[in-house]
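Every letter in the sequence shown is one number past the one before it in numbering that gives the first Met the number 0, and letter 376, counting from 1, is 375. So the structure is just underneath, and the comments pick up after that.
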Amino acid sequence: MANGGGGGGSSGGGGGGGGGSSLRMSSNIHANHLSLDASSSSSSSSSSSSSVHEPKMDALIIPVTMEVPCDSRGQRMWWAFLASSMVTFFGGLFIILLWRTLKYLWTVCCHCGGKTKVVLVFALSIGALVIYFIDSSNPIESCQNFYKDFTLQIDMAFNVFFLLYFGLRFIAANDKLWFWLEVNSVVDFFTVPPVFVSVYLNRSWLGLRFLRALRLIQFSEILQFLNILKTSNSIKLVNLLSIFISTWLTAAGFIHLVENSGDPWENFQNNQALTYWECVYLLMVTMSTVGYGDVYAKTTLGRLFMVFFILGGLAMFASYVPEIIELIGNRKKYGGSYSAVSGRKHIVVCGHITLESVSNFLKDFLHKDRDDVNVEIVFLHNISPNLELEALFKRHFTQVEFYQGSVLNPHDLARVKIESADACLILANKYCADPDAEDASNIMRVISIKNYHPKIRIITQMLQYHNKAHLLNIPSWNWKEGDDAICLAELKLGFIAQSCLAQGLSTMLANLFSMRSFIKIEEDTWQKYYLEGVSNEMYTEYLSSAFVGLSFPTVCELCFVKLKLLMIAIEYKSANRESRILINPGNHLKIQEGTLGFFIASDAKEVKRAFFYCKACHDDITDPKRIKKCGCKRRSRRVDLQQTLTASRNCSW
Numbered sequence: 000m001a002n003g004g005g006g007g008g009s010s011g012g013g014g015g016g017g018g019g020s021s022l023r024m025s026s027n028i029h030a031n032h033l034s035l036d037a038s039s040s041s042s043s044s045s046s047s048s049s050s051v052h053e054p055k056m057d058a059l060i061i062p063v064t065m066e067v068p069c070d071s072r073g074q075r076m077w078w079a080f081l082a083s084s085m086v087t088f089f090g091g092l093f094i095i096l097l098w099r100t101l102k103y104l105w106t107v108c109c110h111c112g113g114k115t116k117v118v119l120v121f122a123l124s125i126g127a128l129v130i131y132f133i134d135s136s137n138p139i140e141s142c143q144n145f146y147k148d149f150t151l152q153i154d155m156a157f158n159v160f161f162l163l164y165f166g167l168r169f170i171a172a173n174d175k176l177w178f179w180l181e182v183n184s185v186v187d188f189f190t191v192p193p194v195f196v197s198v199y200l201n202r203s204w205l206g207l208r209f210l211r212a213l214r215l216i217q218f219s220e221i222l223q224f225l226n227i228l229k230t231s232n233s234i235k236l237v238n239l240l241s242i243f244i245s246t247w248l249t250a251a252g253f254i255h256l257v258e259n260s261g262d263p264w265e266n267f268q269n270n271q272a273l274t275y276w277e278c279v280y281l282l283m284v285t286m287s288t289v290g291y292g293d294v295y296a297k298t299t300l301g302r303l304f305m306v307f308f309i310l311g312g313l314a315m316f317a318s319y320v321p322e323i324i325e326l327i328g329n330r331k332k333y334g335g336s337y338s339a340v341s342g343r344k345h346i347v348v349c350g351h352i353t354l355e356s357v358s359n360f361l362k363d364f365l366h367k368d369r370d371d372v373n374v375e376i377v378f379l380h381n382i383s384p385n386l387e388l389e390a391l392f393k394r395h396f397t398q399v400e401f402y403q404g405s406v407l408n409p410h411d412l413a414r415v416k417i418e419s420a421d422a423c424l425i426l427a428n429k430y431c432a433d434p435d436a437e438d439a440s441n442i443m444r445v446i447s448i449k450n451y452h453p454k455i456r457i458i459t460q461m462l463q464y465h466n467k468a469h470l471l472n473i474p475s476w477n478w479k480e481g482d483d484a485i486c487l488a489e490l491k492l493g494f495i496a497q498s499c500l501a502q503g504l505s506t507m508l509a510n511l512f513s514m515r516s517f518i519k520i521e522e523d524t525w526q527k528y529y530l531e532g533v534s535n536e537m538y539t540e541y542l543s544s545a546f547v548g549l550s551f552p553t554v555c556e557l558c559f560v561k562l563k564l565l566m567i568a569i570e571y572k573s574a575n576r577e578s579r580i581l582i583n584p585g586n587h588l589k590i591q592e593g594t595l596g597f598f599i600a601s602d603a604k605e606v607k608r609a610f611f612y613c614k615a616c617h618d619d620i621t622d623p624k625r626i627k628k629c630g631c632k633r634r635s636r637r638v639d640l641q642q643t644l645t646a647s648r649n650c651s652w
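Take a look at the structure:
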């Protein structure tokens with residue numbers, strides 16, 4: 000009993016606190032070994048001692064066997080079993096919610112701004128490529144602290160966006176396998192994951208980040224999304240340039256990687272220090288078959304790559320470069336765009352553009368008898384001018400510009416700024432074999448211009464009277480807004496009919512509507528007076544406020560006697576602002592403020608007298624040439640009136 004209480008000899012050391020097959024744990028006593036030999040001899044003493052002395056338990060008893068090792072500390076691991084169930088439940092729930100969220104975001108992006116999303120991805124890809132250019136000056140692999148490296152932080156933000164965008168595209172892809180193997184996906188595989196690894200390892204590796212240059216292939220598509228590229232030649236040119244530059248930069252990035260790293264089987268000992276731009280230079284001289292030899296590949300991988308690149312690069316260089324030069328060289332001489340000058344009007348002339356039609360138009364429109372014409376004339380035709388017509392344009396280069404294109408093409412209408420033009424004039428071919436076909440062509444021009452800009456004023460020439468009715472079917476055709484069709488056959492037949500009623504009327508009207516300068520003849524013959532009358536034309540001018548309240552005959556008499564002008568009609572505006580042209584209306588009509596008068600005079604400068612006339616300043620002047628701007632208070636009112644009411648006078652006459 001004493002031996003048992005003492006611990007059972009050598010086999011029972013520490014037996015006062017322990018027994019054969021169990022391990023007892025407390026806060027004060029830790030068993031270090033098990034007794035396997037004295038289980039039978041110590042059983043009675045253990046029972047008696049336990050009845051006398053039992054220590055308090057602070058932990059659970061965890062059974063352990065030698066066949067299945069367990070935690071030596073005996074800590075409970077119940078939370079691991081429960082955590083497996085919770086992770087399974089909440090992890091699956093998170094994946095399902097993330098899937099639905101990404102799918103919803105993709106739907107929103109598709110409906111709210113697919114173009115903006117594509118342009119943003121392209122811009123960020125170019126930004127990542129620029130960061131690669133910056134980092135290429137550093138060693139291929141180096142230790143970098145993410146929290147101190149600014150370029151690494153920006154690149155990380157870009158790649159997080161690329162990762163989300165990849166997920167959206169993967170969800171929307173119908174063929175997941177094809178999507179997984181396409182070029183953009185491969186670029187993401189080799190550029191996005193290494194950035195996260197570099198953050199974890201605090202180590203930067205340039206690696207295959209140069210593959211971002213492959214995004215440049217989509218440059219032409221981006222420009223088409225932004226409505227910048229519209230013609231087939233421009234799209235083809237940008238597409239060729241983007242493919243060429245993208246291949247060039249990508250291949251240079253691979254050479255930069257292998258030459259600065261070395262061959263793996265040589266333990267990376269045969270590397271050489273080449274900058275990225277030296278590799279760009281190397282690839283260019285290689286593609287062009289020049290090969291100066293100042294920069295060359297030393298590694299086996301680099302040389303092997305150059306062998307295959309020479310085959311493909313030479314073929315691409317030989318086919319792409321001549322085609323690019325051809326597209327640039329075939330740029331139309333008159334294919335630019337009109338640059339509108341602030342404060343200067345312009346009109347567009349199209350239709351039958353020949354040396355005869357243009358010279359007749361310019362001779363009349365830019366005649367010296369007219370007032371200073373501050374209007375620029377823009378000709379638009381689909382055939383480039385011949386040498387004679389080109390020389391005519393150069394003689395009037397200060398007021399005339401020519402552009403090659405068609406009014407049936409909206410892009411060409413935008414080039415000549417048709418939306419800001421004062422008017423568009425369409426010339427007809429008076430000597431065509433089929434007048435109806437010529438009228439049909441001009442009607443199609445009117446439809447095209449009105450579809451592009453319904454508010455533009457159009458004055459078109461027509462050969463047959465019955466074809467004018469087709470213009471009324473155009474919804475935006477408005478006679479009240481100044482749209483007009485001048486039928487040449489109608490004018491001729493009208494002149495003939497009026498000549499039957501009043502002999503010589505057609506000759507007088509023809510002389511009034513044609514611009515001729517006065518030719519002085521010293522001899523007092525009938526030719527002198529005839530030429531003096533022929534030199535007169537019809538002009539319009541707003542009447543001075545000095546005529547307000549006077550009757551039409553009184554104003555006519557004053558203009559004829561005092562100003563040496565012949566006024567034959569006025570433009571009268573009724574109470575509802577509808578305007579009518581009244582020829583010799585009589586005493587009952589009084590002149591209103593801003594009334595437009597029709598005069599017969601030799602030039603536009605003479606007609607200016609009716610606008611500048613002031614009773615207080617010019618009443619005692621006998622020489623009409625001295626009637627000019629006066630210094631009284633009415634001058635400011637007249638100047639303001641002229642600026643507001645003479646917007647389209649030059650185009651009308």
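Even for Gly, the Cβ is constructed at its ideal location relative to N, Cα and C. Values in this document were obtained by computation on a predicted structure and should not be read as measured data.
Per-residue burial, residue i [other beta carbons within 10 Å of its own, 16 or more giving buried]
i, result
"Y612", "buried"
"D411", "buried"
"V196", "exposed"
"F149", "exposed"
"R579", "exposed"
"G328", "exposed"
"H465", "exposed"
"P384", "buried"
"C499", "exposed"
"Y164", "buried"
"G528", "Checking the sequence shown, residue 528 turns out to be Tyr, not Gly. Flag for Y528 reads exposed."
"A127", "buried"
"E605", "buried"
"K449", "buried"
"V560", "exposed"
"F396", "exposed"
Nearest-angstrom beta carbon gap, residue j and residue i [assumed within contact, 8 Å]
i, j, result
"S447", "V415", "Actually they are not in contact, since the Cβ atoms of S447 and V415 sit about 13 Å apart, beyond 8 Å."
"H351", "L426", "5 Å"
"C555", "M566", "5 Å"
Sequence-distant residues of the same chain with beta carbon closer than 7 Å to residue i, five excluded per side
i, result
"S336", "R414"
"V191", "N158, F161 and L162"
"L595", "T539, Y541, I569 and E570"
"I130", "T150, I153 and D154"
"A296", "I254, E258, R302 and M305"
"L562", "R608, A609, Y612, P623 and I626"
"G166", "L101"
Residue interval of the beta strand (DSSP E) (run including residue i)
i, result
"N190", "Residue identity check: residue 190 is Thr in the sequence provided, not Asn. Segment V182 to L200 is the alpha helix (DSSP H) holding T190; no beta strand (DSSP E) there."
"H345", "K344 to G350"
"T539", "E536 to Y541"
"V377", "V374 to H380"
"C629", "First-last for C629: undefined, no H or E at that position."
"G548", "G548 -> no beta strand (DSSP E), and no H or E assigned at all."
"G596", "L595 to A600"
"S578", "S578 to I582"
"C486", "D483 to C486"
6 Å Cβ shell around residue i - same chain, five flanking residues per side excluded
i, result
"G301", "I254, V257 and E258"
"E277", "V294"
"G252", "F209"
"A654", "Residue numbering for the chain in the displayed model covers 0 to 652; residue 654 lies beyond these limits and cannot be assessed."
First and last residue of the uninterrupted alpha helix (DSSP H) at residue i
i, result
"G532", "W525 to V533"
"L565", "Here L565 belongs to no alpha helix (DSSP H); instead the beta strand (DSSP E) covers L565 to K572."
"H255", "S231 to S260"
"S505", "L504 to F512"
"E265", "Premise fails: E265 is in no alpha helix (DSSP H) and is neither H nor E."
"A501", "Counting along the chain, A501 falls outside any alpha helix (DSSP H), and DSSP gives it neither H nor E."
"F218", "F218 to F224"
"N159", "It is worth fixing the name first, because residue 159 is Val in this sequence and not Asn. Start and end: F149 to A171."
"V357", "L354 to F364"
"V399", "Per DSSP, V399 belongs to no alpha helix (DSSP H); it is in the beta strand (DSSP E), V399 to Q403."
Close-in-space but distant-in-sequence residues of the same chain around residue i (CB under 8 Å, 5 per side omitted)
i, result
"E400", "Y337, E375, I376, V377, F378 and F392"
"L282", "W247, A250, A251, I254, F308 and G312"
beta-carbon residue i near the ligand HEM non-hydrogen atom, thresh 7 Å
i, result
"F169", "The ligand HEM is absent from the structure shown, which contains no ligand whatsoever."
| task | For the stretch 273-332, list the alpha helix (DSSP H) runs that are entirely contained and at least 4 residues long, ordered along the chain. | result | Along the length of the stretch 273-332, whole alpha helix (DSSP H) runs at least 4 residues long occupy 275-286 and 299-328, reported in chain order.
| said: Runs of 3 residues minimum, wholly inside the stretch 427-460: which ones carry the beta strand (DSSP E) assignment? | reply: Listed in chain order, nothing qualifies, since the stretch 427-460 has no complete beta strand (DSSP E) run of 3 or more residues.
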